[in-house]
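Quick note, the sequence shown lines up with residues 58 to 137 if you use the numbering used here. Here the structure comes first, spelled out in structure tokens, and everything after it is commentary.
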Amino acid sequence: TDSLLFEWQELLLLDLEDKETEATLPVMRLLESEAAGRHMQQPFSFNRYPSDVTDLSNGQTVAEFAEAFYKKVQTAAVTD
């Protein structure tokens with residue numbers, strides 16, 4: 058899936074507990090062409106990590122990203 062097909066705010070506003078709309082089909086969004094899905098894609102990126110992780114990494118390697126993430130979690134745990 059392409060995380061850019063939906064905005065986070067749209068997903069957060071979905072009412073998953075709404076029993077009145079049980080017959081409603083799920084939301085489906087499609088790209089109109091293959092080119093639309095590849096315009097920002099790096100070669101072989103489909104074999105790597107979810108695009109959310111790649112977006113958050115700021116061009117770091119996985120090891121650098123993991124280390125920075127670990128440090129941020131540790132800092133947050135100490136300050137809370």
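Yeah, the Cβ is synthetic: ideal placement off N, Cα and C, and Gly gets one too.
Own chain residues within Cβ distance below 7 Å of residue i, not counting five before or after
i      : result
Ala134 : none
Cutoff 8 Å; reference residue i; Cβ partners in own chain excluding five residues on either side
i     : result
Thr58 : Because the pLDDT of Thr58 is 49, which lies under 50, any placement of that residue in the model is unreliable, and the question is left without a value.
Integer Cβ distance of residue i from residue j, believed to fall under 8 Å
i      : j      : result
Gln117 : Ala125 : 7 Å
Proximity of residue i and residue j at Cβ, strictly below 8 Å
i     : j     : result
Arg86 : Leu62 : yes
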